[in-house]
Amino acid sequence: MKQSTKITKTPDVKSQKGEGGFYSDVVKEHFFKPHNFMEDETGYKADGQGMVGSPACGDVMRVWIKVDPKTQKIKDCRWKTFGCASAIAATSMMSDMVIEKGGLTLAKARQIRPQDIMERLGGLPARKIHCSVLGDKALRAAINDYYRKTGQTDKIEVEHGRVIDKVLKITDHDIEEAVLEGADTLEKVQAKTKVGTGDPACIPEVEQLIRFYNEKYCEK
Amino acid sequence: MAPKREIYMDHAAATPMDSRVLKAMSPYFGKISANASSLHSPGQAAYKAVVFARKSIAAVLNGHPDEIVFTSGGTGSDNLAIRGVLESAVPNLGWDGSTSKPHVITTAIEHHAVLEPLAHLQKIGAIQLTIIQPDKKGLISADEVIKAINPNTVLISVMYANNEIGTIQPIAEIGKGLLKWRKANNSVLPYFHSDACQAAGYLDLNIEKLHVDLMTLNAGKIYGPKGVGLLFVRRGVRLSPVVRGGGQERGIRSGTENVPGIVGMAKALELVQKDKEKESKRLGLLRDRLIDGLLRLPKSRLNGDADKRLPNNVNISFLDIEGEAAMLYLDAKGIACSTGSACASSSLDPSHVILALGMSYEAAHGSLRFTLGKSTTKADVDYVIGAMPAIVEMLRKISPVTLDMKSF
Ligand code: FES
């Protein structure tokens, strides 16, 4: 996975009990007055669009982009989100980030990471972090869609999974595979992957993913 | 900006204290604050207050004072009922395989305070569990509960009224069926427990009519203090202690008596039970007004039965929107309510109650619960009805999901 060239500080993730209240003021601002959402699709000529769903809570995001063919910069970015305040605010913020100052190039835009969005939002409550990973995923899907439509297939980058454990570089796909091989608890997944041993902070997210993949593959 | 209205419609989560309750409690924070187990005069003054509270509660329940065990609240009482019955039936829950495993019957829509301890006991292999599913309206069939009993059944736990969808269960009917079963089988088991936390403000708590052996009540849901509850334990019911210590509450629930809490609980119960008919009538009308008003919005549906329902509970799903977002938009308009959305729960699971109605994941995601209370007026209800359309419309506008009504 490519790393962003911009060095960002660790986002100030507020805990649920943070003094600032559950959501930061910026989150509230974007949540109550979302920017750039897709008011009306009819007649909107998108150059690319993408849609993703969240494993953790079942939410959905959709992103549309317009691209300047000469500069390969994003001229417009619209979105729709089914999800909580964090999800709505994160997509709204992301849409601002890609079009501000004349728009990001596609290459730059695809490097936006959840951390960058979170930082601009002034942090998110710990259990809401997963909501911010949807927006940039949907954006990358839209960018790939644009490349596909314009025949620049060499530029399409398939997602190689999202790195969950930063020390051992374990992705969500690795966890998915472990679950598919029958590891249905954190202990069993750890026995296979060692996930979280060097990066214990990722364990809650790992547990969430295990539960999601369990439900997806193992039950019913 | 116009002055923000404050409309509290989350009474199933917590109720404000009644000032009369606070007044009854206040001496026990100051003048009378000795340990109720002490034999000196200050201790005896506190002891008297507890005795008096116990008597007053017993009178409301039509039971005996020695059948009241004070606890830390609804969760404490539910856990005591479950663990207490099972530990006394199977000492230390050390089921060794030599006899049949104890069997418990409960429902899919119980509070977590019942489901979680039972799920745990099942997981460690201590019990066999039967979970009765409700019908589409959230009603449990008494017949089905009775039919699930087998010779190893030691406990049945069915809530009186549901906290999320307000559905009132046929407790007396289950109780009667159980009495018959026990007589026919010449057995004292199974015991019958009911969590009546949400029912206490509106329904009859007469244990002789309900035929319960154990019943959970909580002060914090009836305009009393938080952190205090009780378990009614019928004479003759064998219950092991869960919290052991100094032997308070007849050894069933040790710990220094929370005298102000206990006094407050007794007062709160007395007050809500005295007013229950009048208040049920008043709130029932407001509830129906709110339901009618909200169901005028497209793609909305009432969760739970319309008639067998607590007079203060409104629970509606709006398709294509997510409940936490809707709740926060309402909050910005000064309206406090709650939601069964996955996003709002710390586990990121949608409401198990709404899913148990056979509703889709999406419908649970878009559910909002408004629970009315003493302070609720018609103007409040109309304000909510007025505020809702714009919120639903806005959130639907930014939602990529458009489901049809078949998703319900
Ligand atoms: S979108 Fe579901 S928790 Fe944020």
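So the protein sequences, as listed, match chains S and D. Heads up, the first sequence is in my numbering, so the first residue is 1 and it goes up one at a time. Heads up, the second sequence is in my numbering, so the first residue is 1 and it goes up one at a time. Quick reminder that beta carbons are idealized off the backbone N, C-alpha and C, glycines included.
Start and end of the alpha helix (DSSP H) containing F31 of chain S?
Stepping through the first sequence from its first residue, residue 31 of chain S is reached at position 31. Note, F31 of chain S: alpha helix (DSSP H), D25 to F32.
Please confirm whether K232 of chain S has its beta-carbon closer than 8 Å to some beta-carbon of chain D.
Look at the range of chain S in this structure, 1 to 220, and you will see that residue 232 of chain S is not part of it.
Taking the alpha-carbon positions, what's the K406 of chain D to G358 of chain D distance?
The sequence position of residue 406 of chain D within the second sequence is 406, counting from 1. The sequence position of residue 358 of chain D within the second sequence is 358, counting from 1. Distance between the alpha carbons of K406 of chain D and G358 of chain D: 12 Å.
Applying the criterion that 16 or more other CB atoms from any shown protein chain within 10 Å of the CB defines a buried residue, is F29 of chain D buried or exposed?
For the purposes of this step, residue 29 of chain D is taken as the residue at position 29 of the second sequence. In the assembly as shown, F29 of chain D is an exposed residue. Its beta-carbon has fewer than 16 other beta-carbons within 10 Å.
C-alpha gap between E110 of chain D and P151 of chain D, whole angstroms:
For the purposes of this step, residue 110 of chain D is taken as the residue at position 110 of the second sequence. For the purposes of this step, residue 151 of chain D is taken as the residue at position 151 of the second sequence. When only Cα atoms are considered, E110 of chain D and P151 of chain D end up about 23 Å apart.
Identify the continuous alpha helix (DSSP H) that holds M405 of chain D and give its terminal residues.
Counting from one through the second sequence, the residue named residue 405 of chain D turns up at place 405. Counted as a single uninterrupted DSSP element, the stretch harbouring M405 of chain D is not any alpha helix (DSSP H), since DSSP gives it neither H nor E.
Taking C-alpha atoms, which residue in D:G247, D:Y202 and D:E249 lies nearest to E270 of chain D?
Mapped onto the second sequence, residue 270 of chain D falls at position 270. Considering only alpha carbons, the answer is D:Y202.
Could you work out which residues of chain S lie near K397 of chain D, taking near to mean beta carbons separated by less than 8 Å?
Here residue 397 of chain D refers to the residue found at position 397 when the second sequence is read from its first residue. The contacting residues are F37 and E39.
Under a three-way DSSP split, which group does F29 of chain D fall into?
As a position in the second sequence, residue 29 of chain D is number 29, starting the count at 1. DSSP, read as helix, strand or coil, puts F29 of chain D in helix.
Report the three-state DSSP secondary structure of E205 of chain S (helix, strand or coil).
Stepping through the first sequence from its first residue, residue 205 of chain S is reached at position 205. Under the three-state reduction of DSSP output, E205 of chain S falls in the helix class.
List, in chain order, every chain D residue whose beta-carbon is nearer than 8 Å to that of R127 of chain S.
Here residue 127 of chain S corresponds to residue number 127 of the first sequence, with the count starting at 1. In chain order: S346 and L348.
Between S86 of chain S and the ligand FES, is the CB less than 7 Å from at least one heavy atom?
The sequence position of residue 86 of chain S within the first sequence is 86, counting from 1. Answer for S86 of chain S: yes, Cβ within range of the ligand FES.
What residue does the beta strand (DSSP E) around R103 of chain D start on, and which one ends it?
The residue labelled residue 103 of chain D in the question sits at position 103 within the second sequence. The amino acid occupying residue 103 of chain D in the given sequence is His; Arg does not appear at that position. Here the beta strand (DSSP E) through H103 of chain D covers H103 to T107.
For M51 of chain S, name the three-state secondary structure that DSSP assigns.
To locate residue 51 of chain S, count along the first sequence from 1; it is residue 51. Here M51 of chain S sits in strand by DSSP.
Given P389 of chain D as reference, the closest of D:R296, D:T75, D:I335 and D:P400 once Cα atoms are compared
Indexing the second sequence from 1 puts residue 389 of chain D at position 389. Nearest option by C-alpha distance: D:R296.
Would DSSP call G140 of chain D helix, strand or coil?
For the purposes of this step, residue 140 of chain D is identified with residue 140 of the second sequence, where counting begins at 1. The sequence shown places Ile at residue 140 of chain D, not Gly. Residue state, collapsed to three classes: coil.
I want to see whether chain D comes within less than 8 Å of T81 of chain S, judged by CB atoms only; does it?
Position 81 of the first sequence, counted from the start, is the residue given in the question as residue 81 of chain S. Taking Cβ atoms only, chain D reaches closer than 8 Å to T81 of chain S, which makes this a yes.
Determine, for Q208 of chain S, whether the minimum Cβ-Cβ distance to residues of chain C falls below 8 Å.
This model lacks chain C altogether; the protein chains it does include are S and D.
Helix or strand or just coil, what does DSSP make of V13 of chain S?
The sequence position of residue 13 of chain S within the first sequence is 13, counting from 1. Residue placement at V13 of chain S cannot be trusted, given a pLDDT of 46 that sits under 50; the coordinates are not used to answer.
Secondary structure of K66 of chain S, DSSP reduced to three states
As a working mapping, residue 66 of chain S is identified with position 66 in the first sequence. When DSSP states are grouped into helix, strand and coil, K66 of chain S belongs to the strand group.
Neighbour-count burial assignment, K9 of chain S, 16 or more Cβ in a 10 Å radius:
Sequence index remark: in the first sequence, residue 9 of chain S carries index 9 (1-based). For K9 of chain S, the predicted structure reports a pLDDT of 40, less than 50, and the residue's modelled location is therefore unreliable. The matter cannot be settled from this model.
For P34 of chain S, return the contacting residues in chain D, with the cut-off set at a CB-CB distance below 8 Å.
Within the first sequence, numbered from 1, the residue matching residue 34 of chain S stands at position 34. Chain D residues near P34 of chain S: I398.
Is A183 of chain S near the ligand FES, going by C-beta to nearest heavy atom under 7 Å?
Position 183 of the first sequence, counted from the start, is the residue given in the question as residue 183 of chain S. For A183 of chain S, the distance from the CB to the nearest heavy atom of the ligand FES is not below 7 Å.
Measuring straight from C-alpha to C-alpha, what distance separates K4 of chain D and K267 of chain D?
Working through the second sequence from its first residue, we reach residue 4 of chain D at position 4. Working through the second sequence from its first residue, we reach residue 267 of chain D at position 267. Each residue's alpha carbon lies about 33 Å from the other.
Output the distance between the C-alpha atoms of G74 of chain D and P170 of chain D, rounded to the nearest integer angstrom.
Reading the second sequence from its first residue, position 74 is the one you call residue 74 of chain D. Reading the second sequence from its first residue, position 170 is the one you call residue 170 of chain D. Cα to Cα, the separation comes out at about 20 Å.
Buried versus exposed call for K53 of chain D [16 or more other C-beta atoms within 10 Å across all chains shown]
Along the second sequence, one-based indexing puts residue 53 of chain D at 53. The question names Lys, but residue 53 of chain D in the sequence shown is Ala. A53 of chain D comes out buried.
Close Cβ partners of E219 of chain S (< 8 Å) along its chain, the five nearest in sequence each way excluded:
Working through the first sequence from its first residue, we reach residue 219 of chain S at position 219. Low confidence applies to E219 of chain S: its pLDDT is 43, below 50, so where it sits in the model is not reliable enough to give any reading.
Quick one: is P298 of chain D buried, meaning 16 or more other Cβ sit within 10 Å of its Cβ, or exposed?
Here residue 298 of chain D is taken as the residue at index 298 of the second sequence, counted from 1. Residue burial annotation: P298 of chain D is exposed, with fewer than 16 other C-beta atoms found within 10 angstroms of its C-beta.
Excluding the five sequence neighbours on either side, which residues of its own chain have a C-beta within less than 7 Å of the C-beta of L249 of chain D, listed in chain order?
Position 249 of the second sequence, counted from the start, is the residue given in the question as residue 249 of chain D. Inspection of the sequence shows that residue 249 of chain D is occupied by Glu rather than by Leu. Cβ within range, chain order: V69 and F70.
Can you say whether K128 of chain S is buried or exposed, counting buried as having 16 or more other CB atoms within 10 angstroms of its CB?
On the first sequence, residue 128 of chain S is found 128 positions in, with the first residue counted as 1. Answer is buried; the Cβ neighbour count reaches 16.
Residue range of the unbroken alpha helix (DSSP H) whose run includes Y147 of chain S
Translated into positions along the first sequence, residue 147 of chain S becomes position 147. According to the DSSP assignment, Y147 of chain S belongs to the alpha helix (DSSP H) that extends over S132 to K149.
Can you list the residues of chain D that D68 of chain S reaches, using a CB-CB cut of under 9 Å?
Taking the first residue of the first sequence as 1, we reach residue 68 of chain S at position 68. Under the 9 Å cutoff, chain D gives no residues; its nearest Cβ is about 25 Å from D68 of chain S.
What residues from chain S crowd round A332 of chain D, counting only those whose CB sits closer than 8 Å?
Counting from 1 along the second sequence, the entry for residue 332 of chain D is found at position 332. Listed along chain S, the residues sitting closer than 8 Å to A332 of chain D by beta-carbon distance are F32.
Ends of the beta strand (DSSP E) at L129 of chain D?
For the purposes of this step, residue 129 of chain D is taken as residue 129 along the second sequence, with counting starting at 1. Q128 to I132 is the span of the beta strand (DSSP E), which, as asked, contains L129 of chain D.
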